[in-house]
Amino acid sequence: LYVMPWRTFEANMLDIFFAACLILLLIVGGPFIEEAKAQQSGIFGVFLLCLICFGGFSIFCFAVYERFLRRGKPFQFFLCHHKAGAG
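For what it's worth, the numbering used here labels the leading residue of the sequence shown as 540, then goes sequentially.
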């Protein structure tokens with residue numbers, strides 16, 4: 540199954556990352572629902588929130604690097620099929 544709803548590769552990867560983090564939060568946090576220890580749940584929630592924010596920031600930094608800071612051509616050769624009568 541190949542589904543890429545966003546136009547750019549980075550946006551699709553970011554969407555997959557946040558969806559996976561949300562699923563992970565729900566699966567891992569589910570067993571803690573019965574025990575209502577506020578301090579442990581709060582620490583765990585803050586840890587997961589920091590992890591998700593760090594991942595999002597890392598992806599953002601990588602996207603900025605790829606877009607603006609990477610030097611060189613993304614390809615070795617450029618092929619142009621010029622048609623004199625086209626247009």
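Backbone N, C-alpha and C define an ideal beta-carbon position, used for all residues, glycine too.
These numbers come from a predicted model, not from an experiment.
Nearest residue (CA-CA) to residue i, options the options
i    : options          : result
I591 : M552, F599, C560 : C560
V709 : L587, L553, F556 : Residue 709 lies beyond the residue range present for the chain, which begins at 540 and ends at 626; the question has no answer from this structure.
F596 : A577, M543, E549 : E549
Cβ-Cβ distance between residue i and residue j below 8 angstroms
i    : j    : result
F583 : F593 : no
I598 : L553 : yes
Where residue i sits in the DSSP three-state scheme
i    : result
I572 : coil
Q615 : coil
V542 : coil
Residue-chain proximity (residue i, chain C), Cβ-Cβ < 8 angstroms
i    : result
L563 : Any reference to chain C falls outside this structure, which holds one protein chain only.
Unbroken beta strand (DSSP E) runs of length 3 or more, entirely within the stretch 582-610: which are they? none
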